[in-house]
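Every number in our numbering is 558 more than the matching position in the sequence shown, counting from 1.
Using N, Cα and C, we set each Cβ at its ideal position, and we do this for glycine too.
Report on the structure given below.
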Amino acid sequence: MATTGRSLTTMRLYDEKAPRIVRLDAGGAATLGRMRLLTLVLAMAWLLAAIWQPWLGVLPLFLLARNGLGATIRRRITRWLDRYEVAKP
Numbered sequence: 559m560a561t562t563g564r565s566l567t568t569m570r571l572y573d574e575k576a577p578r579i580v581r582l583d584a585g586g587a588a589t590l591g592r593m594r595l596l597t598l599v600l601a602m603a604w605l606l607a608a609i610w611q612p613w614l615g616v617l618p619l620f621l622l623a624r625n626g627l628g629a630t631i632r633r634r635i636t637r638w639l640d641r642y643e644v645a646k647p
């Protein structure tokens with residue numbers, strides 16, 4: 559695999575096999591950039607909703623509980639990262 563992309567050091571928050579350094583290709587780096595933008599937009603929407611209705615501020619805490627939606631998202635991110643080469647430190 560050519561190193562045309564960049565490296566990502568994962569955290570336990572979103573990767574079940576963390577910490578590890580994953581080499582992303584150009585497509586993976588682009589996907590990661592789009593996901594970061596989407597996360598930023600969702601966080602801003604959540605903040606605005608929490609200002610408008612404060613009870614909406616705690617709603618994501620229940621949705622992303624450890625054994626609920628958060629665990630499913632973590633598994634899917636780990637599967638996505640498994641497609642890429644793990645860099646040696």
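Spatial distance of residue i from residue j (CA atoms)
i: Glu643; j: Gly585; result: 14 angstroms
i: Ala576; j: Ala645; result: 13 angstroms
i: Met593; j: Leu614; result: 23 angstroms
i: Arg581; j: Gln611; result: 41 angstroms
i: Met559; j: Leu590; result: Because the pLDDT of Met559 is 32, which lies under 50, any placement of that residue in the model is unreliable, and the question is left without a value.
i: Ala503; j: Ile579; result: Lying before the first or after the last residue shown, residue 503 is absent from the chain, which here runs from 559 to 647.
i: Leu605; j: Leu622; result: 16 angstroms
i: Leu571; j: Arg632; result: 8 angstroms
i: Leu595; j: Ala629; result: 21 angstroms
i: Ala607; j: Arg641; result: 36 angstroms
Nearest neighbour of residue i, chosen from the options [CA to CA]
i: Ser565; options: Arg632, Ile609, Arg634, Ala587; result: Ala587
Cβ-Cβ distance between residue i and residue j below 8 angstroms
i: Leu648; j: Thr568; result: Shown here, the chain extends from 559 to 647; a query on residue 648 therefore has no answer.
i: Asp583; j: Thr636; result: no
Discussion item. Ignoring anything shorter than 3 residues, give me the beta strand (DSSP E) runs that lie fully in the stretch 563-629, in order along the chain.
Written reply: 564-567, 579-582
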